[in-house]
Amino acid sequence: MPIAHINGHDMYYEIHGKGEPVLLMGGWGTFCHGEHHHLPWGLTDRYSVVIFDHRGIGDSGDELDRPATTRMYADDAIGLLAHLEIPNAHVIGLIGMGACIAQEMAISHPQLVRSMVNTGAWLKTDRFLTDQLELFRIVHRDMGFLPFQHAVTVLSFEPEYYNRQIDRLLGIDGVWGHLNGRYPAHSRLIDACIAHDTTARAGQIKAPTFVLHAGLDQVTGPRTTQPIQDAIPGAEGYLLAEAAHVIAGKAMKARFSELLFDFLGKH
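If you count by the working numbering, then the sequence shown holds residues 1 to 267, one letter each, in order.
1. Determine the DSSP secondary structure at Glu37, reduced to helix, strand or coil.
2. According to DSSP, is Thr225 part of a helix, a strand, or is it coil?
3. Drop a sphere of 10 angstroms on the beta-carbon of Ala244, count the other beta-carbons inside from all chains shown, and report buried for 16 or more, exposed for fewer.
4. In whole angstroms, what separates the C-alpha of Tyr162 from that of Gly58?
5. Whole angstroms is fine: what's the gap from Val49's alpha carbon to Met25's?
6. Is the beta carbon of His90 closer than 8 Å to that of Leu240?
7. Hey, out of Trp28, Glu14 and His186, whose CA is closest to Ala99's CA?
8. Compare the beta carbon distance of Ile101 and Ala74 with 8 Å and say whether it is the shorter of the two.
9. Which class does Arg141 belong to by DSSP, given the choice of helix, strand or coil?
10. From Leu123 to Asp76, what distance separates their C-alpha atoms?
11. Helix, strand or coil: which one does DSSP assign to Ala89?
12. Please work out which residues of its chain come closer than 8 Å, Cβ to Cβ, to Ile276, disregarding the five sequence neighbours upstream and downstream, and give them in chain order.
13. Suppose only complete runs of 3+ residues qualify. What are the beta strand (DSSP E) ranges in the stretch 177-219, listed by chain order?
14. At the level of alpha carbons, what is the spacing between Ala214 and Ala207?
15. Whose C-alpha, out of Asn118, Ala200 and Ala185, is nearest the C-alpha of Leu259?
16. Decide if the stretch 138-158 is in contact with the stretch 169-178; the criterion is three or more beta carbon pairs, one per stretch, under 8 Å apart.
17. Would DSSP call His10 helix, strand or coil?
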């Protein structure tokens with residue numbers, strides 16, 4: 001099992017594909033342990049993709065007495081690149097916190113970030129997003145994993161996809177399953193999300209940046225993603241009007257991959 005001791009904890013990681021290095025980070029879950037088929041279509045055919053378990057998720061450890069911040073998670077990712085002797089990489093942050101971590105990496109270690117992709121993210125949570133995140137915490141803590149899973153799923157997928165796939169999405173083998181039985185880790189991820197704030201520093205980001213705006217995203221739609229594009233000099237953006245928080249379904253996945261490869265190919 002590929003585990004390295006990085007930034008005070010044991011960190012599980014995997015590498016898939018061959019080519020230029022890509023560091024890809026998701027939100028409250030992992031693309032490891034057989035979940036790499038959820039990566040953007042065709043990515044591992046063109047790039048060497050590094051994925052890992054966030055602290056407390058999967059096979060990664062944690063330090064529960066250490067405050068959870070996106071800068072701490074960014075230092076984990078930076079340490080992993082150093083361990084793998086990768087001098088710089090395309091850094092892709094998908095679905096929320098992974099994108100926030102990417103922002104912190106691009107600010108603190110610009111030489112490591114060849115380019116940056118953000119989806120479903122924010123510079124700083126507003127009251128509406130903060131209360132959504134806190135509500136997810138309360139539901140998981142007081143009602144359990146399955147009610148939390150149902151709540152986050154109904155807000156994360158576009159309606160037609162949800163109607164077709166709901167029986168597959170829910171259950172112990174369904175989406176966000178890596179949080180099942182991991183409430184403390186989930187609560188720390190939420191702490192980091194709410195504390196994240198790059199509003200005064202995003203202008204320092206020099207890496208070529210692409211920001212996806214998902215028109216049907218009920219959690220982190222253009223309300224929170226457009227300020228990212230506006231704050232980063234030269235950042236590109238694209239409104240995928242029919243996409244929700246999670247890019248799902250053949251048509252949306254194909255379109256996102258097309259946009260992604262067009263951007264990465266230029267950098």
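We treat Cβ as the ideally placed atom computed from N, Cα and C, and that holds for glycine.
Taking the definition as stated:
1. Just to set this straight, residue 37 is His in the shown sequence, not Glu. In this structure, His37 counts as helix in the three-state DSSP scheme.
2. helix
3. Within 10 angstroms of the beta-carbon of Ala244 lie 16 or more other beta-carbons, which makes it buried.
4. 26 Å
5. 10 Å
6. no
7. Trp28
8. yes
9. helix
10. Going by the C-alpha atoms only, they are around 20 Å apart.
11. strand
12. Here the chain comprises residues numbered 1 to 267, so residue 276 is not present and cannot be evaluated.
13. Runs of the beta strand (DSSP E) inside the stretch 177-219: 209-214.
14. 22 Å
15. Asn118
16. Contact holds: three or more Cβ-Cβ distances are below 8 Å.
17. In the sequence under discussion, the amino acid at residue 10 is Asp, which differs from the His named in the question. Asp10 falls in the strand class under three-state DSSP.
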